[in-house]
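Enquirer:
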Amino acid sequence: MSWNTANDAVLTEGRRVLIDDPGRLVSTVIGVAEHLWRHTRRDVTVIIDLTPVRDKTDPARVLDMAEGRSKRAFKAWLADRPQAWRDGVEVVAMDGFTGFKADTAEEVPTRSR
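According to the working numbering, the sequence shown is numbered sequentially starting from 2.
1. Please work out which residues of its chain come closer than 6 Å, Cβ to Cβ, to residue 66, disregarding the five sequence neighbours upstream and downstream, and give them in chain order.
2. Evaluate the contact criterion for the region 26-44 versus the region 67-86: three or more CB pairs, one atom per stretch, below 8 Å.
3. What do you reckon, are the CB atoms on residue 109 and residue 90 nearer than 8 Å?
4. For residue 16, name the three-state secondary structure that DSSP assigns.
5. Report back the beta-carbon spacing between residue 30 and residue 58 to the nearest angstrom; my notes put them in contact at under 8 Å.
6. Taking the C-alpha atoms as reference points, what is the distance between residue 61 and residue 6?
7. Which value, in whole angstroms, describes the spacing of the CA atoms of residue 26 and residue 106?
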């Protein structure tokens with residue numbers, strides 16, 4: 002089996018078990034930041050579950066990463082989440098990138114920022 006075949010299988014199963022699991026979206030406090038992968042020079046938007054930190058039960062955990070560092074990247078990620086989940090978000094913590102603030106105001110309008 003080639004590396005690409007094995008890697009594709011792992012990514013497919015990982016997405017099914019981890020990314021597509023609706024149970025992972027129980028967050029009420031999320032964080033968002035941008036990150037630059039130095040080895041590829043590509044930007045990603047990182048979405049973090051901060052609920053366990055607030056509740057003092059566990060460390061933060063990565064919920065997802067969206068390709069790019071733009072207003073569209075985070076907005077699209079939020080828009081892809083179920084409305085019921087977005088309604089349950091209480092706090093969105095973010096750095097100073099103004100695109101994140103605008104996205105949050107549009108997709109999760111009644112929440113603290």
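The beta carbon of each residue, even a glycine, is placed where N, CA and C say it ideally should be.
Expert: In short, the structure shows the following:
1. Here the set comprises 45 and 47.
2. Because the criterion of three Cβ pairs below 8 Å is met, the region 26-44 and the region 67-86 touch.
3. Result yes, Cβ atoms of residue 109 and residue 90 sit closer than 8 Å.
4. It is helical.
5. Contact between residue 30 and residue 58 does not hold, since the beta-carbon distance rounds to 12 Å and is not under 8 Å.
6. Straight through space, the alpha carbons of residue 6 and residue 61 are spaced by roughly 32 Å.
7. Between residue 26 and residue 106, the C-alpha separation is close to 20 Å.
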